[in-house]
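Trainee: Numbering (mature numbering (1 follows the signal peptide of the UniProt record, and there is no 0)), first residue to last: -30 to -1, 1 to 1087.
1. Output the distance between the C-alpha atoms of residue 975 and residue 796, rounded to the nearest integer angstrom.
2. Does the separation of the CB atoms of residue 237 and residue 284 fall below 7 Å?
3. Looking at the structure shown, is residue 1041 part of a helix, part of a strand, or coil, going by DSSP?
4. Would the stretch 587 to 600 and the stretch 612 to 619 be scored as touching if the rule is three or more Cβ pairs under 8 Å?
5. Spatial neighbours of residue 195 within its chain, please: CB distance less than 6 Å, with the 5 preceding and 5 following residues excluded, ordered by chain position.
6. If you run the structure through DSSP and keep just helix, strand and coil, what is residue -17?
7. Give the secondary structure of residue 45 by DSSP, where H, G and I count as helix, E and B as strand, and everything else as coil.
8. Tell me the DSSP secondary structure of residue 283 in three-state form.
9. Closest by CA to residue 501, which one among 851, 972, 384?
10. Short of 6 Å in beta carbon distance, which residues of its chain neighbour residue 19, apart from the five on each side in sequence? Order them along the chain.
11. For residue 605, does the three-state DSSP call read helix, strand or coil?
12. Assuming residue 944 is part of the beta strand (DSSP E), what are its boundary residues?
13. Using 10 angstroms around the beta-carbon of residue 1012, count the other beta-carbons present and answer buried if the total reaches 16, otherwise exposed.
14. Going by beta carbon distance, what residues of the same chain come within less than 7 Å of residue 1050, once the five residues before and after it are set aside?
15. Let me know if residue 662 comes out buried or exposed under the rule of 16 or more other beta-carbons within 10 Å of its beta-carbon.
16. Specify the secondary structure class of residue 898 as computed by DSSP and reduced to three states.
17. Tell me residue 833's beta-bridge partners as DSSP assigns them.
18. Taking 6 Å as the cut-off, is the CB of residue 886 close to at least one heavy atom of the ligand NAD?
19. Compute the Euclidean distance between the alpha carbons of residue 1056 and residue 406, then round it to the nearest angstrom.
20. Under the three-state reduction of DSSP, which class applies to residue 22: helix, strand or coil?
21. Roughly how many whole angstroms lie between the Cα atoms of residue 1064 and residue 825?
22. For a quick check, are the C-beta atoms of residue 337 and residue 295 less than 7 Å apart?
23. Let me know the secondary structure DSSP gives residue 117 once reduced to three states.
24. Can you tell me which of 567, 1025, 879, 575 puts its alpha carbon nearest to the alpha carbon of residue 586?
25. May I have the straight-line CA-CA distance separating residue 290 from residue 244, to the nearest angstrom?
26. For residue 649, which residues of its own chain have a beta-carbon under 7 Å away from its beta-carbon, when the five flanking residues on both sides are left out?
27. Does DSSP classify residue 327 as helix, strand or coil?
28. Identify whether residue 784 lies in helix, strand or coil by the three-state DSSP scheme.
29. What distance in whole Å lies between the Cβ atoms of residue 115 and residue 145, which are believed to be in contact at a cut-off of 8 Å?
30. What separation, rounded to the nearest whole angstrom, lies between the Cα atoms of residue 861 and residue 216?
31. Between which two residues does the alpha helix (DSSP H) harbouring residue 798 extend?
32. In three-state terms, what does DSSP make of residue 810?
33. Quick check: residue 404 and residue 492, are their CB atoms within less than 7 Å of each other?
34. So which of 853, 227, 361 has the shortest CA-CA distance to residue 322?
35. Going by CA-CA distance only, name the one from 1042, 610, 1010, 1052 that's closest to residue 1030.
36. May I ask you to verify whether the stretch 910 to 922 touches the stretch 863 to 877, counting CB pairs closer than 8 Å and requiring at least 3?
Printed below as a string of structure tokens:
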């Protein structure tokens, strides 16, 4: 080929190649432009589905082709969108804020929260590796296109409202999957197992069910696993201990997990945080957890664990937070809460190991009501690290360790309701301590004075106690303590409680002089139930100008002086002032009306005189006002009706005259009005009948006249009697009234609502008539000669009078409840005929009980205690003083007591209706009334709830049986002999002493181990419940053919298993009551008596179940 032609051919080929390359480049540019355009359209599609953008986060998303410069959009070097990161919180996108289910507060700023739905157009961002949209307000389902993004490595949609189920297929390259705090449902799908690169998995705070899948074991790179606060059941997979070698955080709290804590968790060598709280786990805390050398946080609270807390935890040298029990459910007010009861069932035993408290980095130890015993360890490691210690309601003895006074960063110390003695170290509470609670012990000497030392410079900055100590404050509020919650107050809360001890001396100075936030603080100072003296006005004036809001409770002391006008003028920070049962004298100044923030005022049982100031009507925030038990005179101020917030008004037991002001009916929130034991005259204003909120009303023992404005069937007549010119009531009261909602007592004790909502004023048709009572009394006298001889023999031994043993000094009777006549030692002994056997109406393990007619028509019951069995006089005084403060509509009222070296007796109200044992024996003489039986069961259950959950320290009855349940004429039931076990000497109150109870009613674990818990009372109650609805006794003779060990519990189980439940019930009951309700209450009785403590319900659960099967037309029981 000629050269020119060859050159032309080469040039042509080059030109063709060049044109081809240019075409390819042009096509690539066009494809790139198309891709960028598609990504821009996808982002605008995302924006189009956003319905709210208050902060304008997407404002710049619009004009201009360069979408890579839009806020929240990240591109690679090819300008491909690889991340969409828009957080409602300033900061990074990876796992912000707290990780604990309902504790998790949305860290997003509401002003930055996007709302709307997530557009499926996001699925067109094929190169997307990060999609992070946490703490916004998106809802609807997560589009399926999102799950098709194969390059996605991080998906963070935390804290929105996404719903639906998890997908059937996940992007394989996921490293972080955070869907926490949404509304997702269903099980964890098997397809998640393909995501082997996962490092963080968060599905917490949803509605995920099923079990924890075993395939999670294959995630060898997994460092953080959050499955808390879902509905996961089953057991914790053992595989976790094998495959999770990289695991650092494991949060399974707030589920329905059962079984034991796997010992293989001890193999997770890198584990730092282990959260297992609020499940149904049982067994013991495995000692293998002591191998977790990097463990920093361990929470096993709110389960059903038992046994010893392993001392091996002392090997976890990095451990800083240890939570063993938590008495308040963090789920109780959370929408994620499921229906399963999550009360605290952990029940540990033994001592608190010193090598745990000695951990060098320990900051928080939270173990209230763990049943620890022995002395509190004195070694607390690196004390400077210690911030929070909660060991309240245990069984600790000895003294408060002095080392706490050296822990200068200690902000929270709760040692309440133990058995601690001695005096407090002068360094306690340490400067700037927020919570210091040593109430309910036997501490003595004086309360230490403030050291005026400056707060440590290293102190952690102040923060909202509503999150730090929420469970403590919630539990205290639930227990009936009156103070505003930190959540509503919005201020810093400081709480110092020295109450219910034996402190002496004068009131201490305020330990707030140098507190870092004194002038922004709500300060609660509680020292009630001691032997403190001093001037009320001087004490209050020394405190009120140092804090923003002030709460004072110094009731039951020996505080004297007057309530000066200066207090009203200068102490406007007062929110709560309780000084009941002191020696406050003089008059109430008019300046009290200046206390504009006052919510609760209790000046009852003092020596106040003069008139009630009309200026009280200015206290528009007041909810509780008690001036009872003073010597106030004059009229009831008419302006009190302006107090629209007032719920309780108690002016009883004074010398008030005049009419009942008609404007009191204007108080729309009033629940309690007590005007009894005064000299009021005139009529009861008719408008009271229209006050719907009023649940307790008492005007007895006045000079009222006219007709009753109420339907008499809704009232207990002892709330009206003692008014000779008032229209008579068709029901006559008992000689010694008990505490009833629409009834009265002669007591001037302030009213408190029953925590269970129980009331004993039901006047159903199931009560005894006078004819029936006479018939019962006559029948009871007809007994066999042999039985009579046995009874006489027992009484001869227990009721024979003891000769006096040279007691010196005057013998006094301490009175808690005024019954209208004086109670003296001589009048009591005389009324019993010198404790004559003819007046002996019962005997038991604590002593004999006598009937005593103190005055014509006024009967009381005297329980004479065996002196040798009980504590010394001083300890007896302290314990009985606590007993005297307990009030509940279904507890027998302790009227008073006497104690000396030679004689001890308690004075109770007298019940002519007898006890439940007699009621069951003689029920054939009356028609079967299902409502009556249900009421009795509910009354006693409510009484036990009060003893277990509301008394501080809580009370275990230890001898619940029919003979300890008394009945009035309307078959309201009252529990007796409660709290008496606390009066026994030290040798008899230890947790491992001999069994105190009655054979047939004693729980098996109590009988075998001598260790008692509230579940032992539940067992006894279950036996009583079964007796109540059947014709059998606990150990009925008819069971003998079945052999040894057969009792009413096994009989009930046998009939249920054979489908013959109807045979269990007392004759006629099956015919008059709903069968489903009867079978339900039978199942409840059986459940109360199961051997497993974890299955046996609490009394609170029993009350809830009884209310669910409440018969129609039956009050509020």
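We put the CB at the ideal spot given by N, CA and C, even for glycine.
Computed from a predicted model, the values in this text were never measured in an experiment.
Mentor: Answer, in terms of the structure:
1. 45 Å
2. no
3. helix
4. yes
5. 171, 220
6. Secondary structure of residue -17 (DSSP, three-state): helix.
7. strand
8. helix
9. 851
10. 86, 87, 89
11. coil
12. 943 to 945
13. exposed
14. 1079
15. exposed
16. coil
17. Answer by DSSP bridge pairing, in chain order: 819, 876.
18. Of ligands this structure carries none, so the ligand NAD is not represented either.
19. 43 Å
20. strand
21. For the pair residue 1064 and residue 825, the Cα-to-Cα distance works out to about 51 Å.
22. Result yes, Cβ atoms of residue 337 and residue 295 sit closer than 7 Å.
23. Correct three-state label for residue 117: helix.
24. Closest option to residue 586, Cα to Cα, is 567.
25. 12 Å
26. 625, 626, 627, 672, 673
27. helix
28. strand
29. That pair is no contact at about 20 Å.
30. 57 Å
31. 795 to 801
32. strand
33. no
34. When only C-alpha atoms are compared, the closest one is 361.
35. 1052
36. Counting C-beta pairs with one atom in each stretch, the stretch 910 to 922 and the stretch 863 to 877 have fewer than three that are closer than 8 Å, which means they do not touch.
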